[in-house]
Amino acid sequence: DAGVIQSPRHEVTEMGQEVTLRCKPISGHNSLFWYRQTMMRGLELLIYFNNNVPIDDSGMPEDRFSAKMPNASFSTLKIQPSEPRDSAVYFCASSLAINQPQHFGDGTRLSIL
Amino acid sequence: AQTVTQSQPEMSVQEAETVTLSCTYDTSESDYYLFWYKQPPSRQMILVIRQEAYKQQNATENRFSVNFQKAAKSFSLKISDSQLGDAAMYFCAHMDSNYQLIWGAGTKLIIKP
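As C-alpha cells, then:
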C-alpha cells in the first residue's frame, strides 16, 4: 500500500518567494495533519483537517502560512512570503479517523536562504 | 497544559541487548491513547507501538513492548534483542482530548555493534 506521499522532498528557495508543499494522504484516511519539525521546537502541529474540513489551525504561525484540502486525496501548505526562519522539515500525516494512529510522509526539508 | 517528558536525551545499548526508554506524561483524562514513534536518520516518522489507556494489558509488537503504568502516568518502551536498524530518535506521544498528539522531546538511541 502507498503511504503518505509528500513533494517535494527538498526545497531551497530565496526569502520572499512563495513555497507550496504538497501531500497525498493514504487512500481512505479521513484526517490529515501538517507538522513542522525544528531542532529548537521539536514537532509542532500546524493544522489538521477532518473530512477535508480544517478543524484547528491554531498552530499556524502567521498569516503567511495557509493550508487547503480541496479533496480527500490532496492537501497543500503554502508559505507566502517565505522567511529564513521558516526553514524546517515539514511533515504531512494522515489517519483513518481522528483518534487513530497517524502515518507520516517522508517530509519536505525546506531551506529559505 | 498537558506535557510529555522524555528524560533521557540519549541512550546507548550493545547490539542484541535490551534497552528501555522512559516517558512520563501529564493528563487529567481517564481514556486516551499513547504512542511511540521512531525517526531514523532517513527522517521518516514510523509508528512503533500504540497503547489505549483503558486496556490494562501492555501492548507488544515483536521486539517492542511497553510498560504502561497508568497511575504513575508512565509509558516506557522496551526494545529486546537490539539491532543496528533500531538506531533512531524515539518519540513518545500522548493523544489529548482534542485528538492532537502531544510530543516528547525525543530520545536518541545508539546501538553499539
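Protein sequences, first through last, are from chains B and Z.
Basically my numbering = 1-based index in the first sequence + 10.
Basically my numbering = 1-based index in the second sequence + 1294.
All C-beta atoms in this analysis are idealised placements derived from N, C-alpha and C, irrespective of residue type, glycine included.
Compile a chain-ordered list of the residues in the region 40-52 of chain B whose CB is closer than 9 Å to at least one CB of chain Z. Ser-41, Phe-43, Tyr-45, Gln-47, Gly-52
Residues, ordered as in the chain, of the region 53-68 of chain B that lie near chain Z by beta-carbon distance below 8 Å: Leu-53, Leu-55, Tyr-58, Asp-66
Given Z:Ser-1368, which residues of its chain have a CB within under 6 Å of its CB, disregarding the five upstream and five downstream residues? Thr-1318
Beta-carbon proximity of Z:Gln-1401 to Z:Gln-1302, cut-off 8 Å: Note on identity: in this sequence residue 1401 of chain Z is Thr, with Gln being the wrong assignment. Against a cut-off of 8 Å, the Cβ pair of Z:Gln-1302 and Z:Thr-1401 comes out as a contact.
Whether Z:Leu-1371 touches Z:Leu-1328 by CB criterion (8 Å): no
Among residues of its own chain, excluding the 5 on either side of Z:Thr-1354, which ones have a beta-carbon nearer than 8 Å to its beta-carbon? Ile-1343, Val-1360
In the structure shown, what three-state DSSP assignment does B:Gly-52 receive? strand
For B:Gly-69, which residues in the same chain have their Cβ closer than 7 Å to its Cβ, ignoring the five residues on either side in sequence? Glu-54, Leu-55, Leu-56, Ile-57
Against chain Z: residues of the region 74-108 of chain B by CB proximity under 7 Å: Val-99, Phe-101, Ile-108
With 16 as the cutoff for other CB atoms within 10 Å, does B:Met-25 come out buried or exposed? With fewer than 16 Cβ atoms within 10 Å of its Cβ, B:Met-25 is classed as exposed.
For B:Asn-62, I'd like the list of residues in its chain whose CB is within less than 7 Å of its CB, leaving aside the five on either flank, ordered along the chain. Met-79, Asn-81, Ala-82
At a cut of 8 Å, does the region 88-95 of chain B reach the region 32-41 of chain B through at least three beta carbon pairs? no
Work out the CA separation of B:Ser-97 and B:Thr-118 for me, nearest whole Å. 10 Å
DSSP three-state label for B:Pro-64, please. strand
Go ahead and label B:Leu-120 buried or exposed: buried means 16 or more other beta carbons lie within 10 angstroms of its beta carbon, across all protein chains shown. buried
So, is B:Leu-42 buried or exposed, given that buried needs 16 or more other C-beta atoms within 10 angstroms? With 16 or more Cβ atoms within 10 Å of its Cβ, B:Leu-42 is classed as buried.
Closest Cβ-Cβ distance between Z:Met-1389 and chain B: below 8 Å? yes
With distance defined between alpha-carbon atoms, name the residue in Z:Gln-1363, Z:Asp-1375, Z:Thr-1321, Z:Asn-1352 nearest to Z:Ile-1405. Z:Asp-1375
Report the rounded CA-to-CA distance for Z:Ala-1366 versus Z:Glu-1346, giving the unit in angstroms. Approximately 15 Å between the Cα atoms of the pair.
Closer than 8 Å at the beta carbon, the chain Z residues around B:His-113: Leu-1341
To the nearest whole angstrom, what separates the beta carbons of Z:Val-1298 and Z:Gly-1398, a pair I think is in contact under 8 Å? 4 Å
Between the C-alpha atoms of Z:Phe-1362 and Z:Lys-1349, what's the straight-line distance to the nearest angstrom? For Z:Phe-1362 and Z:Lys-1349, the distance between alpha carbons rounds to 10 Å.
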